[in-house]
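Using our numbering, read the sequence shown as starting at 503 and increasing by one per residue. All C-beta atoms, glycine included, are put in the ideal place defined by N, C-alpha and C.
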Amino acid sequence: MPLVTPVTAEGDVDDAALDRLIDFQLAGGVEGIFVLGTTGEGLSVPRASRLRTVERTVARVGKRSLVYAGIGDTCLADSLQAGNQYLRAGVDAVVAQPPVYFPLQPHELLAYFKALLAGIEGPLIIYNIPQTTRVSVPLDVMGELLGHPNLIGFKDSENDEPRHQELIRRFGSAPGFAVFVGVGALMAKGLRLGAQGIVPSVGNLVPEACHQLCASIARGDAAEAERQAGRMDAVATLYQKGRTLGQSLAALKAALHLKGLCPPHMLPPLLPVSETELETLRAEMQQLKLLD
């Protein structure tokens, strides 16, 4: 589950809120917590705060779930330094998307990830999210990398159903390798096709629904899976519909604020929702029975 990063009005990581968010996720049954990802505004978190955030998460989780940490950066050396620090701090794996500044060609992506895998001191998951990186990691590149001992999975957040089907067909049963679906609308189908996990931002609000979706599909309960997928979709629409990615993250954090879990503050360049939007969210959350 990709955790939001709670911050104070001054932009410091809010440790107490981080603990509350983690406890809420664990109570909902999640099996993995992903910090410093897209939902966590990872590249906007001050470098000085990133390792502390990882260390606090690992300590709070206390082996009750897996912990993943994002290391995406434009500088390879910085990504390697961060990744190896996080692994020494106790995360189970690090997660890396392509560098975001230069639009890379497939052979350049292949060289970059080979260098990353060669220098990382533990498990790594590659993360495809062209909405932010402006480049899609080709499946043929993944095929070239498959089998490296440090490569344990691929998270795909590209909204392309045929691509996801091909991804799972080609790599879903590879030994020691997991496919994670990062697109809400494709999660239930992806799990049924053989994906090993989902990474839903909506899990911040309804972790129990995400857990039950995975569990119901695993036991072949199609009706319950459909019910939980519908719940996830309705809640995701609350903060995503009509908004850009950045705006949806602000609305998500505002919704968590209304639940008493974290402040609504965002890290630059993103802005928090207005008071008017906050009140609209409150009314919609009451309709969805997200507030007591």
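- Item | Asp795, buried or exposed, once every other Cβ within 10 Å from all chains shown has been counted against 16 | Residue 795 lies beyond the residue range present for the chain, which begins at 503 and ends at 794; the question has no answer from this structure.
- Ordered along the chain, which non-local residues of its own chain (more than five positions away) have a Cβ less than 6 Å from that of Met734? On the sequence shown, position 232 is the one that residue 734 refers to. For Met734, where only same-chain residues beyond five positions count, the Cβ hits under 6 Å are Val704 and Ala711.
- Task: Provide the residue(s) that pair with Phe682 in DSSP beta bridges, ordered along the chain.
- Result: The count along the sequence shown starts at 1 and reaches residue 682 at position 180. According to DSSP, Phe682 bridges with Lys657 and Gly699.
- Message: Helix, strand or coil, according to DSSP, for Tyr603 in the structure here?
- Response: Counted from its first residue, the sequence shown places residue 603 at position 101. Secondary structure at Tyr603: coil, using DSSP grouped into helix, strand and coil.
- Message: Between Glu728, Leu792 and Glu533, which has its C-alpha nearest Leu505's C-alpha?
- Response: Residue 505 sits at position 3 when you count from the first residue of the sequence shown. If we check each option's Cα against that of Leu505, Glu533 comes out closest.
- Message: Considering only the alpha carbon of each residue, which of Thr559, Thr507 and Ile670 lies closest to Pro548?
- Response: For this step, residue 548 is matched to residue 46 along the sequence shown. The residue with the shortest Cα to Cα distance from Pro548 is Thr507.
- Could you check if Thr746 is buried or exposed, using at least 16 other CB atoms within 10 Å of its CB as the buried criterion? As a first step, residue 746 is located in the sequence shown; it is residue number 244 there, counting from the start. Counting Cβ neighbours within 10 Å, Thr746 comes out exposed, since fewer than 16 surround it.
- Query: When the Cβ atoms of the stretch 718-727 are set against those of the stretch 742-758, are three or more pairs found closer than 8 Å?
  - Reply: no
- Could you tell me the boundaries of the alpha helix (DSSP H) in which Ala724 lies? Stepping through the sequence shown from its first residue, residue 724 is reached at position 222. Run containing Ala724: Ala724 to Gln742, per the alpha helix (DSSP H) assignment.
- Which runs of the alpha helix (DSSP H) fall wholly inside the stretch 543-614 and span at least 4 residues, in chain order? 549-563 and 578-591
- Taking the alpha-carbon positions, what's the Arg558 to Asn652 distance? Walking along the sequence shown from the start, residue 558 turns up at place 56. Walking along the sequence shown from the start, residue 652 turns up at place 150. Using only the alpha carbons, I get a separation of about 24 Å.
- Item | Backbone CA spacing between Ile622 and Asn706 [nearest angstrom] | Here the question's residue 622 lines up with position 120 in the sequence shown. Here the question's residue 706 lines up with position 204 in the sequence shown. One C-alpha to the other measures close to 29 Å.
- Query: Exposed or buried, which one is Tyr588 when buried takes at least 16 other CB atoms within 10 Å?
  - Reply: In the sequence shown, residue 588 corresponds to position 86, counting from 1. Result: buried.
- With burial defined as no fewer than 16 other Cβ atoms inside 10 Å of the residue's Cβ, what is the status of Asp642: buried or exposed? Taking the sequence shown and counting its residues from 1, one reaches residue 642 at position 140. Exposed: under 16 other Cβ atoms inside 10 Å.
- The beta strand (DSSP E) spanning Ile535 covers which residue range? In the sequence shown, residue 535 corresponds to position 33, counting from 1. Its beta strand (DSSP E) spans residues Gly534 to Val537.
- Assign Pro504 to one of three DSSP states: helix, strand, or coil. In the sequence shown, the residue the question calls residue 504 occupies position 2. Reduced to three states, the DSSP call for Pro504 is strand.
- Task: Identify, in the order they occur along the chain, each residue of the same chain with its Cβ nearer than 6 Å to the Cβ of Leu695, setting aside the five sequence neighbours on each side.
- Result: Locating residue 695 in the sequence shown gives position 193, where the first residue counts as 1. Taken in chain order, the residues that qualify are Ile670.
- Using 10 angstroms around the beta-carbon of Glu512, count the other beta-carbons present and answer buried if the total reaches 16, otherwise exposed. Taking the sequence shown and counting its residues from 1, one reaches residue 512 at position 10. Its Cβ having fewer than 16 others within 10 Å, Glu512 is exposed.
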